[in-house]
Amino acid sequence: MKRILKIFTVLVLVLTVIIPVVPIKAEEENDNTFVVGMECNYAPFNWTQVNETETAVFLEGGGYADGYDVAVAREIAKHLGKELVIKKMSWDGLEPALQAGVIDAIIAGMTDTADRRQRVDFTQTYYESQMVLIVRKKDKLEDAKSLKDFSNKKVLGQLNTLYDTVIDQIPGVKHATALEDYPAMVMQLNNELVDAVTAELPVAAGIVATNPDLTYVEFEEGKGFDVDLTDTSVSIAVSKENLELKNKIDEYLNSISDEDKKEMMDEAIDRIPATITSLSDNIFVAAKQIFEVYSSLFFSGIGSTLTLAFGGTILGLLIGLVIGAIRAIKIEEREQLFSKIIKRTAWIITTIYIEIFRGTPMMVQGAFIYYGLKNIIHWDPFTAGIFVITINTGAYMAEIVRSGIQSVDKGQTEAARSIGMNSIQTMVYIILPQAIKNSFPSIGNEFVINIKDSSVLNVIAVTELFYQAKSVAGSLYAFVPTYFVVALIYLCLTFPTTRILNYIENRMNCKKVITFDSKGRVK
0 MKRILKIFTV LVLVLTVIIP VVPIKAEEEN DNTFVVGMEC NYAPFNWTQV NETETAVFLE
60 GGGYADGYDV AVAREIAKHL GKELVIKKMS WDGLEPALQA GVIDAIIAGM TDTADRRQRV
120 DFTQTYYESQ MVLIVRKKDK LEDAKSLKDF SNKKVLGQLN TLYDTVIDQI PGVKHATALE
180 DYPAMVMQLN NELVDAVTAE LPVAAGIVAT NPDLTYVEFE EGKGFDVDLT DTSVSIAVSK
240 ENLELKNKID EYLNSISDED KKEMMDEAID RIPATITSLS DNIFVAAKQI FEVYSSLFFS
300 GIGSTLTLAF GGTILGLLIG LVIGAIRAIK IEEREQLFSK IIKRTAWIIT TIYIEIFRGT
360 PMMVQGAFIY YGLKNIIHWD PFTAGIFVIT INTGAYMAEI VRSGIQSVDK GQTEAARSIG
420 MNSIQTMVYI ILPQAIKNSF PSIGNEFVIN IKDSSVLNVI AVTELFYQAK SVAGSLYAFV
480 PTYFVVALIY LCLTFPTTRI LNYIENRMNC KKVITFDSKG RVK
């Protein structure tokens, strides 16, 4: 037991170094910054790159953000007299972050809709576009003149957007199941799983710039989609309570012309990193090209992923040991009433904790804890991520430890009680050390699971490995080779970890033979 306690002490000391301290009180608000949220994977509006340029803005999780949205955000920051800060987060996390006060505005190619206006406020439009269809080059559809030419064709749109609902305007269309992001949609088109993809013109131009085998079809007036100009225009989202900021942003937008906006967009399209415009058709060569260019982002993501998994697993194990032991202690008839009440109450509380955190997805837990409690606990996304993994893992570890305790021979408990040990002493000194040893394979498996499951924390803007890969895929519109790289990285993380855990398990199960010399001394 002493040896185990020493190991845990060392691990906790290590964690205090690598994990930032959680600030319980709100930090002083920095009025000199303009914090903008965006995906950084929606070229040419926004993307992630590894090189610093005059137009790029540094990202806290590694890399730099650039694109039309970044250019607009920079000009607005100048107009406000503030320093621009870009926060990279998933699309689903943008609105909650704005409502929680994590960011000041969303500049991410977002359309002003009646549904969104119920939750946030919008400025006037900062870019007006038109809707087009992306098709493969050398396909008959390349020469399409109207929507009728796409009859009986399979057309794909983006999930939960106008670009999916308008597909039904095509007579006799085969409406493909919508997907969440354009990299996946482009992959479907390249693999001939669909015939066309709906998009706004700038996005289509960005996709074609990085996919030379694709092109897009523009329609003459009256022959394309029947949509209002506002439906294909994008606006800046701000909090409903921040009317002053909305008015100042509108003031800037009124000062620039449509020609200025078009010039900024054309420049953004030209700035899409040239290092990725000629990816090989061979998946292995393309994966090598991507890794060579974006290796710094991948390594940054690896560091975050391992820290999240290691920290969450160790702290979760500590929680699991306590809760598992509490749930395994039996209530004896000879105990006093007060002791029985305490044990029963503890059992009920720990059961509720386990059921809640084992019965809900970690992504939901992360969104609720980070955004829902933002006004109470002002912590950064990474620290919140550690906390989420810890309490989630703790619930699983508690049951693992409890099953390990139940696997210990009951005769040892009876023997300990017969020499005067109480239930707590028996648990701490006799049962738990053996339970940990018996449960080690499952404990190690939780660490491997956390390496992979930390990817769901991108919803609260934790820039771990998967989210970095998502940013790269969005910047390149190269879905398959990017995720092939990430799959290999995850395999390189989990395979050696599994082998190391198996080695430790075998060492723990190894029986030692002690021999004595003729004088009774251990050889």
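For the sequence shown, numbering that gives the first Met the number 0 assigns the number 0 to the initial residue and increments by one for each residue that follows.
The beta carbon of each residue, even a glycine, is placed where N, CA and C say it ideally should be.
Span of the alpha helix (DSSP H), counted from its first residue to its last, around Leu316: Ile282 to Ala327 is the span of the alpha helix (DSSP H), which, as asked, contains Leu316.
Helix, strand or coil at Met109 according to DSSP, with G and I counted as helix: Of the three classes helix, strand and coil, the one that applies to Met109 here is strand, per DSSP.
Candidates Glu219, Gly205 and Glu220, of which the one nearest Leu213 by Cα: If you compare the alpha carbons of Glu219, Gly205 and Glu220 with that of Leu213, the shortest gap goes to Gly205.
Reference Ala70, options Tyr293, Phe478 and Ile85, closest by Cα: When only C-alpha atoms are compared, the closest one is Ile85.
Alpha-carbon to alpha-carbon, Ala99 and Thr164: Roughly 30 Å separates the two Cα atoms.
C-alpha gap between Leu79 and Ser234, whole angstroms: Looking at the two C-alpha atoms, the distance is approximately 18 Å.
8 Å contact criterion, which Ile133 and Thr209 should meet: CB distance rounded: Not really, about 12 Å apart at Cβ, beyond 8 Å.
Proximity of Gly384 and Leu307 at Cβ, strictly below 8 Å: Yes, these two residues count as a Cβ contact at 8 Å.
Residue burial classification, Met361 (beta-carbon count within 10 angstroms, cutoff 16): Burial is judged here by how many other beta carbons sit within 10 angstroms of a residue's own beta carbon; Met361 has at least 16 and is buried.
Exposed unless 16 or more other CB atoms sit within 10 angstroms - verdict on Met88: Buried.
Under the three-state DSSP convention, the category Ser256 falls into: The answer is coil: DSSP assigns Ser256 none of H, G, I, E or B.
Residue closest to Val35, alpha-carbon to alpha-carbon, out of Gln48, Pro43 and Gly108: Comparing alpha-carbon positions, the option among Gln48, Pro43 and Gly108 lying closest to Val35 turns out to be Gly108.
Own chain partners of Ile330 with C-beta closer than 7 Å, once the 5 adjacent residues on each side are dropped: Excluding residues within five positions, the ones whose Cβ falls inside 7 Å are Lys339, Lys342 and Arg343.
Inter-residue spacing [alpha-carbon to alpha-carbon] between Gly189 and Pro432: Reading the sequence as shown, one finds Asn at residue 189 and not Gly. Using only the alpha carbons, I get a separation of about 56 Å.
Beta-carbon proximity list for Ile17, same chain, < 6 Å, skipping 5 on both sides: In this prediction, Ile17 scores a pLDDT of 45, lower than 50, which makes its location untrustworthy; no coordinate-derived value is stated.
7 Å CB neighbourhood of Ile488 in its chain, flanking five on each side removed: Excluding residues up to 5 positions away in sequence, Phe297, Ile301 and Leu464 lie with their Cβ nearer than 7 Å to the Cβ of Ile488 in the same chain.
Cβ shell of Leu244 (< 6 Å), same chain only, five flanking positions each side left out: If we look at Leu244 and ignore the five residues flanking it on each side, its Cβ neighbours are Val237.
Proximity of Asn40 and Ala472 at Cβ, strictly below 8 Å: Their beta carbons are under 8 Å apart, which means Asn40 touches Ala472 by this criterion.
Where the beta strand (DSSP E) through Leu83 begins and ends: Glu82 to Lys87 is the extent of the beta strand (DSSP E) around Leu83.
Host alpha helix (DSSP H) of Met420 (start-end): The continuous stretches of alpha helix (DSSP H) do not include Met420, and DSSP gives it neither H nor E.
Element boundaries [beta strand (DSSP E), containing Thr122]: Membership of Thr122 in the beta strand (DSSP E) is indicated by the continuous run Asp120 to Glu127.
Buried versus exposed, by CB contacts within 10 Å (16 or more), Glu240: Glu240 is exposed by the Cβ-count criterion.
Contact check, Ser128 vs Leu200, beta carbons under 8 Å: A contact, by the Cβ cut-off of 8 Å.
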